[in-house]
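Structure, as structure tokens:
Number of protein chains: 2
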Amino acid sequence: MKIGTERAGNEEQSHTSRYLAQFLVSARLDEMPEALIHEAKRSILNGFATAFAGCSDAAMERLVKTLSGFSGRPQASLTGRKERFDVLTAAFLNAVSTNVFDFDDTHPGTIIHPTAPVSPALFALGEHRPFSGRRLLEAFILGVELECRLGNAISPGHYKRGWHITSTCGVFGAAAATGKILGLDKERMVWALGNASAQSSGLVETLGSMAKSVGVGNAARNGLSAALMAGNGVEGPGRPLEGERGFLKVTSDSPNLPALVENLGSNWELSRNTYKPYPCGVVLNPVIEACLEIANAPDFDASRIQSVTISGHSLLRERADRPTVETGREAQVSAQHAAAVCLLYKASSLNEFSDEAVNRKDVLWLRKKVKVVVDDAAMVGAAHVIAVYTDDTVLEATVKHARGDAEYPLSDRDIEEKLRDLIVYGRSGVDPEPIIDAIWRLDQIKDVSEIMALARL
Amino acid sequence: MKIGTERAGNEEQSHTSRYLAQFLVSARLDEMPEALIHEAKRSILNGFATAFAGCSDAAMERLVKTLSGFSGRPQASLTGRKERFDVLTAAFLNAVSTNVFDFDDTHPGTIIHPTAPVSPALFALGEHRPFSGRRLLEAFILGVELECRLGNAISPGHYKRGWHITSTCGVFGAAAATGKILGLDKERMVWALGNASAQSSGLVETLGSMAKSVGVGNAARNGLSAALMAGNGVEGPGRPLEGERGFLKVTSDSPNLPALVENLGSNWELSRNTYKPYPCGVVLNPVIEACLEIANAPDFDASRIQSVTISGHSLLRERADRPTVETGREAQVSAQHAAAVCLLYKASSLNEFSDEAVNRKDVLWLRKKVKVVVDDAAMVGAAHVIAVYTDDTVLEATVKHARGDAEYPLSDRDIEEKLRDLIVYGRSGVDPEPIIDAIWRLDQIKDVSEIMALARL
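Going down the list, the protein sequences come from chains A and B.
Counted the way our numbering counts, the first sequence spans residues 1 to 457.
Counted the way our numbering counts, the second sequence spans residues 1001 to 1457.
What follows is the structure, encoded as structure tokens:
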């Protein structure tokens, strides 16, 4: 079968699962561009960075406590923590810490956080059955490819309806990636996707609560279990994705099948991945930068503000118009909160999105003055902010592309610095430098369990 | 709060999750009718019966093999097997064995198999934290109530779209039931439902393959984990069911909210439960009885058949028009196969729906002659079969209500006999009599782990 044709034929579309499985089974790192492999390292490094922040979050503590009573042998480690768990549970918990603050990576268009379900599943498996960094990179790139192409095929309707796309698509990414490591043949890879399809879940309603992390953790855990089951002969349906009652048609009103297969092996979704400078929903990045611009103007005085108006694409209002927030987690998807803390503190780190910050009197006071409006002409990723003083003085700022966007990506050094900062935030005391060094050298590492040995306590 | 009002008010519908949680937390076995409690015992007995058959199925063997590498401490047992697993894994595996042949119970209208996700989760928890049979019955009835009311609220669109409703609703039933045992308060019960909502999955596309069992096993496992997490403070959204992007609206185009709350505490869904006499999709019951009637006629000769036409409700064709089958599992949802074996062997036990039976020459020959047509006037649950000999002789039979229907239920003795037969089929060698006796006495048993001690090897 020829992979990477510019247009996929009818056969590819009527047997999409088999076609994709063949691609996953046969694709090789040797044939992938250097820049793509480097992007994989950036994604993985960014994933460890956010896991170091999330590893001591309350949701993580409660999930660790719950699952520690039922975990199997101590096969695998947790980033920034001392506990050991069985491989499936470790995959769950590291996916949780990676994504709990939504500070991880973002695939533009779908808003999938691609790394959280895939990388933790691979590193957990790597502590149980050692393999090389090159194999990890290969499997990671392929898992993200499937995960994000599925997202492309069902966006925007899938998320809009209420599916938490990181979880629903992530389970397939984790299954594909770990299936690649397990050396599944084409038929078993289709089964792995089928076993993943039986476990795909996650609702947007859970965002802003700890239950979100249950969905994301399961994407990693269940993707890995789907592949392990397939490896042991647990058979799935022949067309889990494209079937009449398969994943695509059930979770999308108008799935775009060609998006799954066109330019497979030549256009890589991971190369479009983006990394966040701020610990918020990505739609808030331009809001934050516009507010920081206003706050950093000479003689700015937040106490004089009578109103703040944020205008942007409808997606901004849909995802982040949240005037009332009670927890740090909700604050991460609140445009009102983001504007208030940036204007008050000229900062936008995890400290400004903590449970404590949410209830500060000055934040409560300013948050109430902020409105979000839709500008039909605005592009996704842009924002315009107008602050009006009580004397009617108007301050405004426009951001067309925020830092972290595809057009304005974080540099390698930015991501390293993010990891250093987030280790401080998460208080594990882990030394960042050996991890940074090891991830940049991932393609030379013989046994990926070395990296978890550096990341755990 | 008043429970059991004839019509629920607006408040109940706008905060359905809280209203249901309050009901689950406050409802007591003392206030439930005797007949309902007896029906719970019948359901549980029938669930053990089918688990004794499924415990040695190939899907079960492969799942046991996969999960045994990652299970925690040996806290809980498997029906008909010798292995011990952690509580979560045992819940998964016993749900699989209960449902793997689709020979378990059926809630009319939704076609949910209510017991498989709920009872195994409770018995697994009961081996870890002992509680009484009365508490188990109470929690079981409540779990099934929630599970089936959710099914009512989203039927028929949910299943028709492709959701495997036993799995998608079962996870909530398991969460509610085990949350009741854990003594969750109202707020934590809402969280348990939220943690379940993040894990609700299962596709109709997987039916006929082993991947179906992955979904059903997860319903039990993840429902239990959802409750355990809530008990440890893992917070969920406030409106996981009725929220804008909550379970009901995401998985149904027109959810019927009143169906969730009306007559709560007075109309009980479990009292409508039905039990199968044949190991097939329930839509096949009337097909089987009509074919058996034809086959048992004097001088019947299957070798003379030139065609068989089955007519029934559109649901029959939708679920079971499957002329080509390759496995016993597919045969269970194939009207063609069911007709062929009944006409050839005058029998319809698990032996007639095995992988081996599927490939017998005579079965292949006759299956090809069977057609399924829709009769717009036919009721769900009815079937008309016409067999025509090569000499144009016509044989026909009509079944309006098959055995096992609500109108023609299996007796207590029928269910006992089913359990005895299925222990023989599953070859565990377990003695059925102490189990039958213990389940009828469940409301007098102090520690439900006694029952698993009788059911395991």
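Yeah, the Cβ is synthetic: ideal placement off N, Cα and C, and Gly gets one too.
All of these numbers come straight from a predicted model, not from anything done at the bench.
How would you list, in chain order, the residues of chain B whose beta-carbon sits under 8 Å from the beta-carbon of residue i?
i: residue 174 of chain A; result: Residues of chain B passing the Cβ test: none, with the nearest at roughly 14 Å.
i: residue 218 of chain A; result: 1198, 1199, 1222
i: residue 215 of chain A; result: 1198, 1199
Give the DSSP-derived three-state secondary structure of residue i in the structure shown.
i: residue 1387 of chain B; result: strand
i: residue 90 of chain A; result: helix
i: residue 1084 of chain B; result: strand
i: residue 1428 of chain B; result: coil
i: residue 274 of chain A; result: strand
i: residue 297 of chain A; result: coil
i: residue 71 of chain A; result: strand
i: residue 377 of chain A; result: coil
i: residue 1445 of chain B; result: coil
i: residue 1079 of chain B; result: coil
i: residue 1257 of chain B; result: coil
Which residues in the same chain as residue i place their Cβ atom closer than 7 Å to its Cβ, once the five residues preceding and following it in sequence are excluded?
i: residue 1254 of chain B; result: 1157
i: residue 83 of chain A; result: 64, 68
i: residue 1100 of chain B; result: 1054, 1057, 1059, 1060, 1213
i: residue 1454 of chain B; result: 1434, 1435, 1438
i: residue 1155 of chain B; result: 1109, 1110
If you follow the beta strand (DSSP E) that residue i is part of, which residue opens it and which one closes it?
i: residue 1022 of chain B; result: It is not in any beta strand (DSSP E) - residue 1022 of chain B instead sits in the alpha helix (DSSP H) that spans 1016-1026.
i: residue 458 of chain A; result: Outside the displayed range of chain A (1 to 457) lies residue 458 of chain A, so it cannot be described from this structure.
Cβ closer than 7 Å: which chain B residues qualify as neighbours of residue i?
i: residue 65 of chain A; result: 1232
i: residue 204 of chain A; result: 1245
i: residue 130 of chain A; result: Ordered by position in chain B, no residue passes the 7 Å Cβ test against residue 130 of chain A, which lies about 16 Å from the chain.
i: residue 99 of chain A; result: By Cβ distance, chain B contributes nothing, its closest Cβ being about 13 Å from residue 99 of chain A, past 7 Å.
So which residues of chain A does residue i contact, with C-beta pairs closer than 7 Å?
i: residue 1385 of chain B; result: Within chain A, no residue comes near residue 1385 of chain B; the closest Cβ sits about 26 Å away, beyond 7 Å.
i: residue 1070 of chain B; result: 72, 86, 87, 88
i: residue 1059 of chain B; result: 234
i: residue 1170 of chain B; result: Within 7 Å Cβ-Cβ: nothing; residue 1170 of chain B doesn't reach chain A, min ~12 Å.
i: residue 1195 of chain B; result: 211, 214
Along chain A, in chain order, which residues have C-beta atoms closer than 9 Å to that of residue i?
i: residue 1163 of chain B; result: 245, 250
The alpha helix (DSSP H) spanning residue i covers which residue range?
i: residue 1396 of chain B; result: Counting along the chain, residue 1396 of chain B falls outside any alpha helix (DSSP H), though it belongs to the beta strand (DSSP E) covering 1394-1399.
i: residue 309 of chain A; result: Premise fails: residue 309 of chain A lies in the beta strand (DSSP E), 305-312, not in any alpha helix (DSSP H).
i: residue 190 of chain A; result: 186-197
i: residue 1118 of chain B; result: 1115-1128
i: residue 52 of chain A; result: 34-54
i: residue 408 of chain A; result: Looking at the DSSP string, residue 408 of chain A is not in any alpha helix (DSSP H), and its letter there is neither H nor E.
i: residue 57 of chain A; result: Where residue 57 of chain A is concerned, there is no enclosing alpha helix (DSSP H), given that its DSSP letter is neither H nor E.
i: residue 1231 of chain B; result: 1211-1231
i: residue 1452 of chain B; result: 1449-1455
i: residue 1167 of chain B; result: 1165-1182
i: residue 1150 of chain B; result: 1133-1154
i: residue 1367 of chain B; result: 1361-1367
i: residue 103 of chain A; result: That residue, residue 103 of chain A, is in no alpha helix (DSSP H); it is neither H nor E in DSSP.
i: residue 1343 of chain B; result: 1335-1345
Tell me which same chain residues have a C-beta within less than 6 Å of the C-beta of residue i, skipping the five on either side of it?
i: residue 1020 of chain B; result: none
i: residue 282 of chain A; result: 106
i: residue 1271 of chain B; result: 1036, 1039
i: residue 1380 of chain B; result: 1313, 1315
i: residue 90 of chain A; result: 76, 124
i: residue 226 of chain A; result: 175, 192, 195, 196
i: residue 293 of chain A; result: 397
Give me the chain A residues within the contact set of residue i, using Cβ-Cβ distance strictly less than 8 Å, ordered along the chain.
i: residue 1212 of chain B; result: 198
i: residue 1062 of chain B; result: 229, 232, 233, 234
i: residue 1240 of chain B; result: 203, 205, 206, 211
Among the residues of its own chain, which have a CB less than 8 Å from the CB of residue i, if the five just before and after it don't count?
i: residue 1447 of chain B; result: 1126, 1130, 1131, 1132
i: residue 1003 of chain B; result: Only weak support is given to the placement of residue 1003 of chain B: the predicted model assigns it a pLDDT of 44, under 50, and the value that follows is read from those uncertain coordinates. So the qualifying residues of the chain are 1022, 1023, 1026, 1027, 1264, 1265.
i: residue 1476 of chain B; result: Any answer about residue 1476 of chain B is impossible in this case: the structure gives chain B only from 1001 up to 1457.
i: residue 232 of chain A; result: none
i: residue 1138 of chain B; result: 1027, 1028, 1029, 1032, 1180
Could you check whether the region 188-207 of chain A touches the region 1192-1204 of chain B, counting it as contact only if at least three pairs of C-beta atoms, one from each stretch, sit closer than 8 Å? yes
Across the region 292-307 of chain A and the region 429-438 of chain A, are there enough close Cβ pairs to call them in contact, namely three or more that are closer than 8 Å? no
Contact between the region 387-397 of chain A and the region 310-330 of chain A is defined here as three or more beta-carbon pairs at a separation below 8 Å; is this criterion met? no
Should the region 1231-1246 of chain B be regarded as contacting the region 1113-1125 of chain B, the criterion being three or more beta carbon pairs within less than 8 Å? no
Does the region 358-372 of chain A come close enough to the region 333-348 of chain A to have 3 or more Cβ pairs within less than 8 Å? yes
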